[in-house]
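Trainee:
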Amino acid sequence: MDDIWQNCYNDGWQGDIVPEAFSHPAKFSRGLIHRIYQHAKDMQWVMAGDWVLDPFGGIALGGLDAIAMGLNWIGVELEEKFVFLGQQNIELWSRQLKGWPNLGTARIVQGDSRRLKEQFSMQGSCRPVKCDCLNGHSRQSEDCSLIISSPPYADQLIQKNSGSIDRKKQYKTYRSQGGGASFEAFCRTQDLHSTDYGHTPGNLANMKEGSIDAVISSPPYSEIRQDGGSSRDGIKGLTNYSGEPRNYWPTQRDQKNLGNVPPDTFWEASREIVQQCFELLKPNGKAIWVCKDYCKDGKRIPFSKRWATLCESVGFKIIHWHKAMLVKPEGEQDTIRGTQYLETERKSFFRRNHETKIKAAKFWPTLDIDIQNEFLAMAQKQVNVKPTEKKILQKAQVLAFKSECLDDRPYENEIMIDFEDVICLVKE
Ligand SMILES: C[S@@+](CC[C@H](N)C(=O)[O-])C[C@H]1O[C@@H](n2cnc3c(N)ncnc32)[C@H](O)[C@@H]1O
-14 MDDIWQNCYN DGWQGDIVPE AFSHPAKFSR GLIHRIYQHA KDMQWVMAGD WVLDPFGGIA
46 LGGLDAIAMG LNWIGVELEE KFVFLGQQNI ELWSRQLKGW PNLGTARIVQ GDSRRLKEQF
106 SMQGSCRPVK CDCLNGHSRQ SEDCSLIISS PPYADQLIQK NSGSIDRKKQ YKTYRSQGGG
166 ASFEAFCRTQ DLHSTDYGHT PGNLANMKEG SIDAVISSPP YSEIRQDGGS SRDGIKGLTN
226 YSGEPRNYWP TQRDQKNLGN VPPDTFWEAS REIVQQCFEL LKPNGKAIWV CKDYCKDGKR
286 IPFSKRWATL CESVGFKIIH WHKAMLVKPE GEQDTIRGTQ YLETERKSFF RRNHETKIKA
346 AKFWPTLDID IQNEFLAMAQ KQVNVKPTEK KILQKAQVLA FKSECLDDRP YENEIMIDFE
406 DVICLVKE
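As numbered in my numbering, the sequence shown has no gaps in its residue numbers, which increase by one up to the final residue, 413.
Here it is, written out as C-alpha cells:
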C-alpha cells in the first residue's frame, strides 16, 4: 500500500508535554504519531497488553498513545537529558490520565540501542506493573509486537534549532505548570538543549555517515559464523566483530581488542540496531519508521529509501509506505494560467534553520565591515557550547540577517522536502 496522509501536522504538544521537552530538536509530530497508532490498531497489528518498543526513544512521545491504547511502551534513549524529560512527560500523562480504564504503561530507559536486546531484556523485573501475566520475568527476544520509531540523521546540517520557537509561549506554559526559573534562565536552558541531539559517545547523529552500500552488501559484522557459514544466510547466525554471538559485548578484559569495538559509522550502527529490532519482534511483528529525506550540498539525499533498504537487508518486508504531507492543501484558485493548487507549507525547524543560514551567508557580504564586527562581537558572547570561528561567524550572520533583513523568500535552487515517510515493515 502506497498512499498520502494529509493533516498530520495540525496539532501541537502544548499541554501534553512538560515545557522543557519542546527543546528536543526532532520530536514526533502530535498528529502523525496519533495517526500511526490508529493505523496500527485499524490494521490489527497490536492489541491491549502488547509491547511496543522505540529504540530512539527521545522524550518518550511514542508513549502517550500507547498508554491510551492499553499497550506497554518501552523507549531506549541515549541522552540523559532527554531521558529525564521523557520521564517527566510520562509522569505528566499518568496524572492526566488517572482513572481512565485499561491504561497501558510507558517506561523510558537510558541506554545505547547498539545494545538494544540487552536493554530490552533488562526491563522485565523492573518494568511498571499492569500486565500481570508477564510480571517478574525477563523480557525475551520475540516479546515485542510493534516497533515505532524515528532514527536520528547522520547529517548535522539539519540538526540545529532554528531559534524560531515561540519561547514566550513556552515560558508561559512552563510557569503555569509551576516552573520557577526566570525567563532568561529558561531560554538559556532551552537553547543549550535544542542546539543538537547531544554528544554522548554512541549518538548516531554525530557519526560519520559511512556507506550504506558497504553495509548492505557486506555486513559490518564478522562474515564468518562460528559454524563456518556466512552471516548473511541466516539472522540467527549473525555474529559481532569478534565472531562472538551478536548480543555479546566487550567486557573490560577484552575491550582493547579492536575487533570488539562497537560499530561507529552511522550505517553500521543503524544496521546493528535494526537487526536487533528484527530479533526482538514476534513473528509477524511490525516495525514502523518515520524518516525523511534531507538536502545536503544542494542535493536531495534519499534517506528514507536507504533506511528501508537497510531494513530489508536484515529480513524485513515492506508492507506499506505512507507519505505524510508537510504541506497542507488549501483549495484551488483559477488564474490566467489555469487552475493553481494552493498549499501552506510546514517546514521542520531544521529546514527553516538551514534556509536561514544560507540566506544569512548570502546577505553577510552586503554589510559594512564595522557592522559585521558588531555582530561578530555579539555572536562571540552568545556561542557558549564549544565556540569555533565557523560557529561564531555563522551566528553573527544569522543575527545580522534577522535584525537587518526580512527577506523570507525561498533561496535559489531550493529543493523542497514536503513529506515525511512512514514506512511499515513486517517480520515474516
Ligand atoms: C529522531 S529522535 C527521536 C525522537 C522521538 N521520536 C520523540 O519524539 O521523542 C532520535 C533520538 O535518538 C537518540 N539516539 C541517537 N543515538 C542513539 C543510540 N545509539 N541509542 C539510543 N538512542 C540514540 C537521539 O538522542 C534522539 O533523541
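Yeah, the Cβ is synthetic: ideal placement off N, Cα and C, and Gly gets one too.
Taking 8 Å as the cut-off, does the region 36 to 55 touch the region 72 to 90 (at least 3 CB pairs, one atom from each stretch)?
Mentor: With the cut-off at 8 Å, the region 72 to 90 and the region 36 to 55 touch.
Trainee: Would you mind listing the beta strand (DSSP E) stretches within the region 32 to 115 that are 3+ residues and don't spill past its ends, in chain order?
Mentor: DSSP runs (the beta strand (DSSP E)) wholly in the region 32 to 115: 36 to 39, 57 to 62, 90 to 95.
Trainee: Taking 8 Å as the cut-off, does the CB of K271 come closer than this to any heavy atom belonging to ligand 1?
Mentor: False, no ligand heavy atom lies under 8 Å from that Cβ.
Trainee: Roughly how many whole angstroms lie between the Cα atoms of F288 and L361?
Mentor: Roughly 35 Å between the two C-alpha positions.
Trainee: Taking only the alpha-carbon atoms, compute the straight-line gap between C172 and G300 and give it to the nearest angstrom.
Mentor: Roughly 45 Å between the two C-alpha positions.
Trainee: Cα-Cα, which of R15, M192, G(-3), A25 is closest to L419?
Mentor: There is no way to answer for residue 419, as the model of the chain reaches only from -14 to 413.
Trainee: Using DSSP with H/G/I as helix, E/B as strand and the rest coil, what is Y156?
Mentor: Correct three-state label for Y156: helix.
Trainee: For S134, list the residues DSSP reports as bridge partners.
Mentor: Looking at the DSSP assignment, S134 forms a beta bridge with W274.
Trainee: Assuming contact is defined by CB atoms lying nearer than 9 Å, are D39 and S106 in contact in what I supplied?
Mentor: Contact: no.
Trainee: Shortest alpha-carbon distance to Q29 belongs to which of G270, T351, K344, K290?
Mentor: Out of G270, T351, K344, K290, G270 has the C-alpha closest to the C-alpha of Q29.
Trainee: Closer than 8 Å to a non-hydrogen atom of ligand 1 - does that hold for the CB of Q254?
Mentor: For the sequence presented, residue 254 should be read as Ala rather than Gln. Under cutoff, so the answer is yes.
Trainee: Please identify the residue among D97, A33, E253 whose C-alpha is closest to the C-alpha of T90.
Mentor: It is A33 whose Cα lies nearest to the Cα of T90.
Trainee: Just mark K344 as buried or exposed, buried being the case when its beta carbon has 16 or more other beta carbons within 10 Å.
Mentor: Answer is buried; the Cβ neighbour count reaches 16.
Trainee: Per DSSP, V407 is paired with what?
Mentor: V407 is bridged to V275, H307.
Trainee: Can the beta-carbon of P137 be found less than 9 Å from the beta-carbon of N188?
Mentor: Contact flag set, yes.
Trainee: Is the separation between the beta-carbon of I21 and that of L46 shorter than 9 Å?
Mentor: Cβ distance not < 9 Å, so I21 and L46 don't count as in contact.
Trainee: Would I59 and Q72 be called neighbours here (beta carbons separated by less than 9 Å)?
Mentor: No, the pair does not count as a contact, with Cβ atoms beyond the cut-off.
Trainee: Using a threshold of 8 Å, is the CB atom of H9 nearer than that to any non-hydrogen atom of ligand 1?
Mentor: It does: the Cβ of H9 is within 8 Å (strictly closer) of some heavy atom of ligand 1.
Trainee: Looking at F41: is its Cβ nearer than 9 Å to the Cβ of S98?
Mentor: In this structure, S98 lies closer than 9 Å to F41 by Cβ.
Trainee: For F69, which residues in the same chain have their Cβ closer than 8 Å to its Cβ, ignoring the five residues on either side in sequence?
Mentor: Answer for F69: no residue qualifies.
Trainee: Could you compute how far the alpha carbon of D(-12) sits from the alpha carbon of T373?
Mentor: One C-alpha to the other measures close to 45 Å.
Trainee: Strictly by DSSP, which residues pair up with D(-13)?
Mentor: In DSSP, D(-13) forms a bridge with W306.
Trainee: Whole-angstrom Cβ separation of E194 and W252, contact assumed at under 8 Å?
Mentor: Confirmed, about 7 Å.
Trainee: Once you ignore the five residues that flank K376 on each side, which residues in its own chain have a CB closer than 7 Å to its CB?
Mentor: If we look at K376 and ignore the five residues flanking it on each side, its Cβ neighbours are V368.
Trainee: Look up V200 in the DSSP assignment and say whether it is helix, strand or coil.
Mentor: Of the three classes helix, strand and coil, the one that applies to V200 here is helix, per DSSP.
Trainee: CA-CA distance, D(-4) and S14?
Mentor: Computed Cα separation, rounded: 8 Å.
Trainee: Output needed for S147: all residues of its chain with C-beta closer than 7 Å, excluding positions within five of it in sequence on either side, in chain order.
Mentor: Residue confidence for S147 is low, a pLDDT of 37 falling below 50, so the modelled location carries little weight; the figure read from the coordinates is stated next. Here the set comprises F334, R337, N338, T341.
Trainee: Tell me C280's beta-bridge partners as DSSP assigns them.
Mentor: R285.
Trainee: Can you have a look at H184 and say buried or exposed, based on whether 16 or more other CB atoms are within 10 angstroms of its CB?
Mentor: Classification for H184: exposed.
Trainee: Nearest chain C C-beta to C409 closer than 9 Å, yes or no?
Mentor: The structure shown contains no chain C; it is built from a single protein chain.
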